[in-house]
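Remarks on the structure that follows.
Protein chains in written order, with our numbering: chain A, 1068 to 1446; chain B, -8 to 338.
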């Protein structure tokens, strides 16, 4: 128990005395990152507000270091914990430098005048979030993404031992999302800062966190390693996904597959089918994919987008039943789209199948040439 | 590179602060000189100098300078500064640039209780001490503030809060009118001049008392610069920086009430100074750093009120206008401009 830097015991949180979530158990060592995931309105912010003392906890304990949260004075807490909130901040006539400098609040004297070291720390924090050039700009004149970075710099400047962030990546574009998470990761490892945050992007949650805790209204799950938690079936239940899907391997999310009786068969391999699948998905055309080896990259996407995948075990000759299944499917479909396929020693029968299809009159056969597509877009 | 340009920026900012402060102090001096020099009785500059610095007692003029003009000038300066800071504190509290003691009905509340106490004590004791006046005004301010606070819990919209404040102001005015209706004639005369807001009839004991109270409140406000700065980031952030929000908010309200009570007790309700001056000051300084803005707002309020008082005295001399007539004409357009500007910013 004692090697946890931050822990909660049977924490109960909610608004106005009404419990929203109960039995929240968290235990984090120094330098670990915990991410709360779950649908909107599940109570992620409520948990974060409770552990940062913005909300009164309704039961249980929150312990930071050796001390219980409720026993810490605001002053003590401010030297241990910094926050980045979703609250809209609209300070008039404050420059970014002013905002970041408020992070030094717990360390400055009676009148809050910054010392030379304080100034240096402000500059350093701004550099860290790559906002050095924003110093003299008015905060209210920034884009949402820039504001978010400034608020992070403010929190860094506070030199916390634990950093709590409520959806820090909202409003950020991909570049800054990745940069922000990279900064958090580095701070966690290099400075041993413990991080608790909520993220909307489950894909990123898996990539940045040491632990993930799913939250759904009225129900808190045990936290655990991302690879144990972020399973496809579980994510489906957590977010009530009835459309679209989540791929735990790459953490990618996919739109739902086209509905209906498939009239197209896609024959491809080695990732060359992916643009075809995407195109068909966007056009709303249901299709069958095959014959794919289970270790083929095309398979990873086909299983989310295709109505059916005809597949074979890795590195095997294509077996008779699979071959027949594919042939049968092609006859039913009436149209085949095929891509370039590298031919090797074990996919010879697929080549045979394709040749056979090409020679049939009743099957419309389309060759998907990747270069054409690129040329179309002028790339 | 970025660092050096930033520090250059910093230097520029400090230059601006210094320029604004120097400008204000100059304006203050000019206002003092002009105010002493103007009045229905013409007194030459040489004579004034003599009266002020050489102690030449020359009967009536000496009286006019020492007993009428000087206390009035000082009161305008002290109370103007107080009014401006009262507004500033309320703006911080409500996170709303259009909050002010007059518009939120706090001045009216003070006026109501003062009227009550005045009529009662004039009847029984004949006169009121400065402290009793301030005490009454402070009580009235707190009553109004509590109403505003009650309402503001349910209203998060800035304009709705203002409407609520104006309603409270009307209720208090109605009660005051009611009291006046049933008061004796002499009381009404006494009350009427005062309730419209004016710096006339100030004496040295008024100056002493208000200087003492305002100086103490100013010091407290100045020492609150740091948490006020944090609070400008919003309550949640301020809390995370170690501000004890509950105590802080109580102190803000108390200080603001002390300021506005002091003003109302001596000069009656004065409109718009509390909103317009802090706003203009911040714009001139191009910052909202409390450490700078608090003293600057005080100075600005002092200059503004001295100027308004001068205008009230001189515009239609020998008739004297209410001070609020002047401050409204000057301040209300600023407020309207602020509202329009904010609407634009939202889009």
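Glycine included, C-beta positions come from ideal geometry on N, C-alpha and C.
Worksheet item: Are residue 216 (chain B) and residue 134 (chain B) closer than 8 Å when you measure CB to CB?
Response: no
Discussion item. Considering Cα atoms alone, identify which of B:250, B:278 and B:300 is closest to residue 289 (chain B).
Written reply: B:250
Discussion item. I'd like the ranges of any beta strand (DSSP E) spanning at least 3 consecutive residues and lying wholly in the stretch 1202 to 1277 of chain A.
Written reply: 1229 to 1233 and 1261 to 1265
Item to complete: Could you pull out every residue in the same chain whose Cβ sits closer than 7 Å to the Cβ of residue 1169 (chain A), ignoring the five residues on either side in sequence?
Response: 1221
Discussion item. Given this structure, state the Cα-to-Cα distance separating residue 1362 (chain A) from residue 1326 (chain A), to the nearest angstrom.
Written reply: 26 Å
Worksheet item: residue 1178 (chain A): buried (16+ other C-beta within 10 angstroms of its C-beta) or exposed?
Response: exposed
Discussion item. For residue 129 (chain B) and residue 9 (chain B), which I take to be in contact (beta-carbon distance under 8 Å), what is that distance rounded to the nearest angstrom?
Written reply: Going by Cβ atoms, the distance from residue 129 (chain B) to residue 9 (chain B) rounds to 36 Å, so no, they are not a contact pair.
Worksheet item: Quick one: does residue -7 (chain B) have its CB under 8 Å from some CB of chain A?
Response: Residue confidence for residue -7 (chain B) is low, a pLDDT of 46 falling below 50, so the modelled location carries little weight; the figure read from the coordinates is stated next. Interface residue, yes.
Worksheet item: Closest to residue 1395 (chain A) by CA distance: which of A:1332, A:1242 and A:1288 is it?
Response: A:1332
Discussion item. With a threshold of 8 Å between beta carbons, is residue 235 (chain B) in contact with chain A?
Written reply: yes
Discussion item. Under 8 Å, Cβ to Cβ, is there at least one residue of chain A near residue 217 (chain B)?
Written reply: yes
Discussion item. Can you confirm whether the stretch 213 to 231 of chain B touches the stretch 1143 to 1154 of chain A when touching is taken to mean that 3 or more C-beta pairs between the two stretches lie within less than 8 Å?
Written reply: yes
Worksheet item: Should residue 81 (chain B) and residue 91 (chain B) be called a contact, given that it needs their Cβ atoms to be closer than 8 Å?
Response: yes
Worksheet item: What does a CB cutoff of less than 7 Å around residue 1434 (chain A) pick up in its chain, not counting 5 residues either side in sequence?
Response: 1405
Worksheet item: Are the beta-carbon atoms of residue 152 (chain B) and residue 85 (chain B) separated by less than 8 Å?
Response: yes
Discussion item. In this structure, how does DSSP classify residue 1177 (chain A) when only helix, strand and coil are distinguished?
Written reply: coil
Item to complete: For the stretch 1122 to 1137 of chain A and the stretch 1073 to 1080 of chain A, state whether three or more C-beta atom pairs, one from each stretch, are separated by less than 8 Å.
Response: yes
Discussion item. Please identify, using Cβ separations under 9 Å, the residues of the stretch 1101 to 1126 of chain A that lie next to chain B, in order along the chain.
Written reply: 1116, 1119, 1120 and 1121
Discussion item. Is there a Cβ of chain B sitting closer than 8 Å to that of residue 1361 (chain A), yes or no?
Written reply: no
Fill in: Residues, ordered as in the chain, of the stretch 278 to 298 of chain B that lie near chain A by beta-carbon distance below 8 Å
278, 279, 280 and 282
Fill in: Of the residues A:1204, A:1224 and A:1211, the one placed nearest residue 1195 (chain A), counting alpha carbons only
A:1224
Discussion item. Measuring only the C-alpha atoms, how far is residue 1298 (chain A) from residue 1313 (chain A)?
Written reply: 8 Å
Worksheet entry | Three-state class that DSSP yields for residue 1445 (chain A) in the structure shown | Low confidence applies to residue 1445 (chain A): its pLDDT is 45, below 50, so where it sits in the model is not reliable, and the reading given next is rough at best. Three-state result, residue 1445 (chain A): coil.
Discussion item. By the three-class DSSP mapping on this structure, what secondary structure does residue 1395 (chain A) have?
Written reply: helix
Worksheet item: Within 8 Å (strictly less), CB to CB, does residue 338 (chain B) reach chain A?
Response: Since pLDDT at residue 338 (chain B) reaches only 46, below the 50 mark, its modelled position is unreliable, and no value is offered.
Discussion item. Counting only Cβ pairs nearer than 8 Å, list the residues of chain B close to residue 1169 (chain A).
Written reply: 220, 221, 224, 228 and 232
Worksheet item: Quick one, are the C-beta atoms of residue 1248 (chain A) and residue 1271 (chain A) less than 8 Å apart?
Response: yes
Discussion item. Contact criterion: CB-CB distance below 8 Å. Does residue 1139 (chain A) meet it with respect to chain B?
Written reply: no
Worksheet entry | Contacting positions in the stretch 35 to 47 of chain B - beta carbon closer than 8 Å to chain A | none
Worksheet entry | Chain-order list of residues whose beta-carbon lies under 7 Å from that of residue 309 (chain B) (same chain, five-residue window excluded) | 31
Worksheet entry | Below-8 Å beta-carbon distance, residue 1084 (chain A) vs any chain B residue | no
Practice prompt. Could you check the C-alpha separation between residue -7 (chain B) and residue 1214 (chain A) for me, to the nearest Å?
Written response: Here residue -7 (chain B) scores only 46 on pLDDT, less than 50, and its place in the model is too uncertain to base an answer on.
Practice prompt. Report the residue from B:165, B:60, B:1 and B:78 whose alpha carbon sits nearest the alpha carbon of residue 103 (chain B).
Written response: B:165
Discussion item. For a test of the three-state rule: what should DSSP assign to residue 211 (chain B), helix, strand or coil?
Written reply: helix
Discussion item. With H, G and I counted as helix, E and B as strand and the rest as coil, what does DSSP make of residue 1082 (chain A)?
Written reply: strand
Worksheet item: Taking the alpha-carbon positions, what's the residue 1329 (chain A) to residue 1399 (chain A) distance?
Response: 9 Å
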